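These notes concern the structure reproduced below.
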Amino acid sequence: MSWSRAHRRHQLVHQVLADIAGDGRPELPERRRAEVEAEFGGLEGFLLELQLRWYRAFDARLDALLEDWPPDLPAALDKLWLDLSGTMPTARFVLDAHLHHQALAPLHARHQLLLHAATGVYRKPDDWPRLATTPSHVGTTTSSVMSSARSQRLIQPCRWISAF
22 MSWSRAHRRH QLVHQVLADI AGDGRPELPE RRRAEVEAEF GGLEGFLLEL
72 QLRWYRAFDA RLDALLEDWP PDLPAALDKL WLDLSGTMPT ARFVLDAHLH
122 HQALAPLHAR HQLLLHAATG VYRKPDDWPR LATTPSHVGT TTSSVMSSAR
172 SQRLIQPCRW ISAF
């Protein structure tokens, strides 16, 4: 994928999430459907891209968590998930609304296996804790969050997943 295409996709994801945050509904905004269709091939491709970004962010934080293995790993994983949900509320809002979409099943399954291999904990998508995602909780766009995360060096290469 070229840099310009990656940049275009990145921008479009942020635009769609900003529209969803403003609208409070976890559907593709009508005004972005043609762009999403052209860039991602439709809702399925967009959801897959969003899920990949979610798991990438989760895995980077998991890597840091596993450096100092917590005594109660399942509780620490729940906290990590909820913290990331608070950091990326619109993405989580959309992903939760489409949790059982067939396009996401292979990625969910792969991540479950990798998480189990790395931690011994097995979690299905329904097993993760949920924030009360209502339109009032979805007002944070991801661009400011990502900028903040980069400045705090929260996004780092994931060491545990690279072994697989």
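Everything in the sequence shown is counted per my numbering, starting at 22 for the first residue and increasing by one.
Note that beta-carbon positions come from the ideal geometry of N, C-alpha and C, so glycine has one too.
It should be emphasised that the depicted structure is a prediction, and the values quoted were computed from it without experimental measurement.
Closer than 6 Å by C-beta to residue i: which residues in its own chain qualify, once you throw out the five before and the five after it? Chain order, please.
i: His137; result: Tyr143
i: Ala96; result: none
i: Met22; result: none
For residue i, which of the options has the nearest alpha-carbon?
i: Leu135; options: Val115, Asp80, Glu65; result: Asp80
i: Asp186; options: Leu128, Leu71, Leu87, His121; result: The question about residue 186 has no answer, for the chain in this structure spans 22 to 185.
i: Ala39; options: Phe114, Ala130, His28, Lys145; result: Phe114
i: His35; options: Met22, Trp24, Val57, Asp89; result: Val57
i: Gly43; options: Ala112, Ala96, His129; result: Ala112
i: Trp90; options: His129, Gly141, Ala130, Arg74; result: Gly141
i: His129; options: Pro92, Leu73, Ala96; result: Leu73
Whole-angstrom Cβ separation of residue i and residue j, contact assumed at under 8 Å?
i: Leu101; j: Arg82; result: 5 Å
i: Leu71; j: Leu33; result: With a Cβ gap of about 11 Å, Leu71 and Leu33 do not count as contacting.
i: Pro110; j: Leu49; result: Wrong, their Cβ atoms sit about 18 Å apart, outside the cutoff.
i: Leu87; j: Ala139; result: 7 Å
If you measure between the beta carbons of residue i and residue j, is that distance less than 7 Å?
i: Leu105; j: Ala78; result: yes
i: Arg54; j: Val37; result: no
i: Tyr76; j: His132; result: yes
i: Pro150; j: Leu103; result: yes
i: Arg30; j: Glu60; result: yes
For residue i, which residues of its own chain have a beta-carbon under 7 Å away from its beta-carbon, when the five flanking residues on both sides are left out?
i: Ala124; result: Glu65, Leu68, Leu69
So is residue i in contact with chain B if we call contact Cβ pairs under 7 Å?
i: Ala130; result: Included in the structure is just one protein chain, with no chain B present.
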